[in-house]
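Enquirer: Residue numbers (the working numbering): 320 to 518.
For glycine and all other residues, C-beta sits at the position ideal for the given N, C-alpha and C.
Sharing a structure here in structure tokens format.
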Amino acid sequence: MSLSTQFLTMLVMFGSGLYLGMAIDTFRRFERYWKGKHILTYALEILFWILQGLVIFYFLFIANQGELRLYIFLSILCGFAAYQSLVRTTYLNVLEVLIRWAIALIQFGRRMFNLLVYRPIQWVILLIIKLLIGVWALLVWLFWVLLKVVWFPIRLIGRIIWWFIPKNAKNYLRKLAGIYSKIKNIILKWWTYIQNKRR
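Right, here's the structure in full:
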């Protein structure tokens, strides 16, 4: 391995140490959202360190085709120490600002979605429902009006015919109506009894 490659590898690994420090602090910052969920915490912790190992190895592979040397670990340690002493406070402040911006942007996006998409769709659906209810009420009203218009002459003709029916026939029809009413009441009582038994 040439000196230039070794120097490049040291710089890359030093940067990897800085990156590792930032990644750890970022992970710890968001860890509060799943704190208390032990299985999820262990799973994310394992996945985090696997991912960091793969990322650092990828940087190493770019720098020197993945050859491991002692100074590589020292360079990572130096980069991590430099981050802790020089960069950490500034990075955490910047991270908090970015998180606040992201939260504000998400909230703004949600408000815009509610204002421009959700609310108009809700209003349109409510308007359609009200229109359908209004149309249904109008149809019912027209049906009853037509029924009254049709029923009036039928009722009038029925009364005229009733005047010409003999008294004996009228009495017979009244008896039939009474029998029908009794049968109807008996059926309704039995139906109510059966319904109560089922309960």
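1. Along the chain, where does the alpha helix (DSSP H) that runs through glutamate 386 open and close?
2. Are there 16 or more other CB atoms within 10 angstroms of the CB of threonine 408, so buried, or fewer, so exposed?
3. Does DSSP classify proline 485 as helix, strand or coil?
4. So isoleucine 391 and leucine 379 are supposed to be a Cβ contact under 8 Å. How far apart are they, rounded?
5. Just the C-alpha distance for isoleucine 453 and phenylalanine 483, rounded to the nearest angstrom, thanks.
6. Kindly indicate which residue of Trp353, Val331, Ile418 and Leu435 has the alpha-carbon position closest to the one of isoleucine 381.
7. Distance, Cα to Cα, alanine 400 vs isoleucine 422?
8. Could you check how far apart the C-beta atoms of glycine 336 and leucine 396 are, in whole angstroms? I think they sit under 8 Å.
9. Just how far apart, CA to CA, sit leucine 451 and lysine 494?
10. Alpha carbon to alpha carbon, how far is leucine 457 from valine 416?
11. What whole-angstrom Cβ distance do methionine 329 and serine 394 have, given they're in contact under 8 Å?
12. Does the beta carbon of serine 500 sit closer than 8 Å to a beta carbon anywhere in chain D?
13. From what residue to what residue does the alpha helix (DSSP H) around glycine 428 run?
14. Can you tell me whether glycine 398 is buried or exposed, with buried defined as 16 or more other CB within 10 angstroms of its CB?
Expert: This is what the structure gives:
1. In the sequence shown, residue 386 corresponds to position 67, counting from 1. Element bounds for glutamate 386: n/a, residue is neither H nor E.
2. Taking the sequence shown and counting its residues from 1, one reaches residue 408 at position 89. Exposed.
3. The residue given as residue 485 occupies position 166 in the sequence shown. If DSSP states are grouped into helix, strand and coil, proline 485 belongs with coil.
4. If you number the sequence shown from 1, residue 391 lands on position 72. If you number the sequence shown from 1, residue 379 lands on position 60. About 7 Å; that satisfies the 8 Å criterion.
5. What you label residue 453 is simply residue 134 of the sequence shown in a count that begins at 1. What you label residue 483 is simply residue 164 of the sequence shown in a count that begins at 1. Looking at the sequence provided, one finds glycine at residue 453 rather than isoleucine. Each residue's alpha carbon lies about 45 Å from the other.
6. Indexing the sequence shown from 1 puts residue 381 at position 62. When only C-alpha atoms are compared, the closest one is Val331.
7. By 1-based counting over the sequence shown, the position of residue 400 is 81. By 1-based counting over the sequence shown, the position of residue 422 is 103. Cα-Cα distance, rounded: 31 Å.
8. Looking up residue 336 in the sequence shown gives position 17. Looking up residue 396 in the sequence shown gives position 77. Between leucine 396 and glycine 336 the Cβ distance is about 6 Å, and since that is below 8 Å, they are a contact.
9. Position 132 of the sequence shown holds residue 451. Position 175 of the sequence shown holds residue 494. C-alpha separation (whole angstroms): 46 Å.
10. Taking the first residue of the sequence shown as 1, we reach residue 457 at position 138. Taking the first residue of the sequence shown as 1, we reach residue 416 at position 97. So the alpha carbons of these two residues sit roughly 59 Å apart.
11. In the sequence shown, the residue the question calls residue 329 occupies position 10. In the sequence shown, the residue the question calls residue 394 occupies position 75. Contact flag correct, Cβ pair sits at about 5 Å.
12. Among the protein chains of the structure shown there is no chain D, as only one such chain exists.
13. Looking up residue 428 in the sequence shown gives position 109. Per DSSP, glycine 428 belongs to the alpha helix (DSSP H) from 407–432.
14. Working through the sequence shown from its first residue, we reach residue 398 at position 79. Buried, since its Cβ has 16 or more Cβ neighbours within 10 Å.
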